[in-house]
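Okay, structure first, notes after.
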Amino acid sequence: MKQILKCFMFFIIINILSGCSFKGLSEMMLEEENQDLPSSIGTISSDFSFAVLGTGEIAFLTIDPKEVVFLDEKQKNRRSVELSENRQSLEITAGNDYFYVYCSNEDETAGFLNVFDKKGELIKEISLPFSRVSVSNGIVYGYYDETADFNGWDSNISNSHIEATHYISERKFLEKFPNCMDDWNEISGDKIANVGEQQLYRCSSDYCHKTDYYSDQKPLSVFGQIDYVKYCDGKIASEESDKEIRSRLNQIYSMMKKEEENFLIYSFQTNDKIYGICNVYSQYVGLLTFCTDDLDYSFSFSYDEKEDKLYKVNEYTNIELIYEDEYNCLYHKLDGVYYTKLGSDKEEKLYDYNGEIGLTILEGYVKFQEREIHYNDDIIDKQKIIKVW
């Protein structure tokens with residue numbers, strides 16, 4: 001699995017991790033025939049994950065759960081492959097030389113791993129007892145819950161980090177294509193486990209995981225607290241006694257010009273680092289809507305684990321933030337999506353669009369999923385992947 005800086009989408013996702021769906025702009029009435037909708041970030045999920053080989057080939061999933069698209073930009077080749085009958089894709093990841101598409105049957109009662117070469121040729125399909133599979137640095141990881149059947153797919157969208165209980169080297173996997181648990185190594189360790197050069201943290205079971213597991217993401221409660229604040233918008237109704245969440249909200253307020261009422265916050269974790277953005281609006285725009293023309297200001301922040309505190313990094317007056325880490329900044333203006341390298345005064349317009357978009361970021365690649373909605377309710381979905389940094 002290639003490390004994703006953070007997959008996220010703007011129906012709002014940056015959390016990338018929501019199952020919500022919204023009609024959004026598709027409900028708007030257009031007066032002129034053949035007129036398209038105005039540009040807007042918002043309301044479509046961009047959970048169609050993608051993967052990149054070290055040699056530059058790209059593969060991604062689409063809105064059709066039976067379709068996988070393979071791209072070779074150097075050769076200018078594009079190939080669309082249809083999965084076999086009774087299979088639907090859930091996630092895609094890349095190893096050293098192969099793409100791995102994890103699928104379920106249509107009843108979501110069993111998991112299957114399809115191995116493709118970079119040209120999109122199916123090498124092998126293996127039935128596996130895991131709820132998910134990922135690949136990273138020459139290791140194939142599987143998450144197994146012995147207390148339940150496959151029972152659907154409970155995982156982070158777009159393969160943003162490892163969640164595993166077992167592993168096997170990619171070399172051995174490709175030699176044996178094992179579907180027996182005896183061929184896999186169980187991960188063990190009190191707090192930290194090392195698999196090859198990869199350090200993994202032990203994580204406790206939660207509402208998505210019925211058994212303890214290991215992840216390359218350090219378990220930090222602050223991430224969930226920030227996520228809760230994002231939705232509460234300052235109104236902590238059911239958590240009045242939760243001092244940690246109240247404290248986190250107060251830290252966010254301290255970074256604002258005043259205790260704002262209309263704001264949206266997104267945070268993203270990369271291993272043990274947490275970054276976040278906050279957009280402040282002049283009026284209430286809804287929890288799941290971006291509206292650049294109502295933007296007052298925006299700022300980025302980061303988390304200091306030693307002090308257990310959020311710190312403001314940069315503040316802006318004319319851009320609606322999408323993503324910012326130590327080096328890179330993505331933001332939205334009324335005419336499209338832009339990028340700038342922090343410390344530079346140069347900006348680059350990445351994408352212009354007419355409709356609604358979602359974004360996913362993977363190792364400097366940005367995938368744009370665009371949905372064009374026309375006056376006659378005709379919907380066109382398309383995806384473009386750009387190497388940005």
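Quick note: the sequence shown uses the numbering used here, first residue 1, plus one each step.
Glycine residues also receive a C-beta, built at the ideal position from the N, C-alpha and C atoms.
With distances taken between CA atoms, K309 lies nearest to R248 out of D107, E146 and R248. Rounded to the nearest whole angstrom, the CA to CA distance from Y297 to N318 is 7 Å. Counting only runs of at least 3 residues, the region 103-188 fully encloses the following beta strand (DSSP E) elements, listed from N- to C-terminal order: 111-116, 122-128, 132-136, 139-143 and 166-169. V69 places its beta carbon 8 Å or farther from that of S84. Around the beta carbon of N114, a 10 Å sphere encloses 16 or more other beta carbons of the protein chains shown; the residue is thus reported as buried. Residue W184 holds the alpha-carbon nearest to the alpha-carbon of H166 among M255, W184, C103 and I226.
Rounded to the nearest whole angstrom, the CA to CA distance from N86 to F60 is 19 Å. DSSP places K218 in the coil class of the three-state scheme, outside both helix and strand. D216 places its beta carbon 8 Å or farther from that of R202. In this structure the region 244-260 does not lie against the region 325-342, because fewer than three pairs of beta carbons, one per stretch, are closer than 8 Å.
Counting along the chain, the unbroken beta strand (DSSP E) around I92 starts and ends at Q88 to A94. In this chain, the beta strand (DSSP E) harbouring E356 covers E356 to L362.
Membership of Q251 in the alpha helix (DSSP H) is indicated by the continuous run K243 to M255.
Remark: C-beta atoms of I126 and F112 approach each other more closely than 8 Å.
With respect to the C-alpha of S104, the residue from A94, L128 and K119 having the closest C-alpha is L128. By a beta-carbon distance limit of 8 Å, A164 contacts Y143. Their separation comes to about 5 Å. For the 8 Å CB-CB criterion, F301 and Y316 do not form a contact.
K349 is bridged by DSSP to Y338. In the three-state DSSP reduction, K76 falls in the coil class, being neither helix nor strand. Per DSSP, C208 has no beta-bridge partner at all. Within the same chain, and ignoring the five residues on either side of V280 in sequence, the residues whose Cβ sits closer than 6 Å to its Cβ are E260, F263, D296 and Y297. Annotated as distal: H332 and T360, with beta-carbon spacing of 8 Å or more.
DSSP links V313 through a beta bridge to no other residue. Under DSSP, Q383 takes part in a beta bridge, and its partners are Q369. In the same chain as E67, and ignoring 5 residues on each side of it, the C-beta atoms closer than 8 Å to its own belong to L61, S80, V81, E82, L83 and S89, in chain order.
For K273, the enclosing beta strand (DSSP E) begins and ends at K273 to Y281. Its chain contains G364 and Y365 as the residues whose beta carbon lies nearer than 7 Å to that of K387, once the 5 sequence neighbours on both sides are disregarded; these appear in chain order. The C-beta of C180 has fewer than 16 other C-beta atoms within 10 Å across all chains shown, which makes the residue exposed. Within the same chain, and ignoring the five residues on either side of D72 in sequence, the residues whose Cβ sits closer than 6 Å to its Cβ are E57. Around I192, the same chain offers Q199, L200, Y201 and R202 as residues with beta carbons nearer than 8 Å, after the five sequence neighbours per side are excluded.
With respect to the 8 Å criterion, E170 and V140 are classified as neighbours on the basis of their beta carbons. DSSP places K333 in the uninterrupted beta strand (DSSP E) bounded by N328 to K333. Here K230 is buried: its Cβ has 16 or more other Cβ atoms, across all protein chains shown, within 10 Å.
Residue pairing by DSSP places Y266 opposite I277 in a beta bridge.
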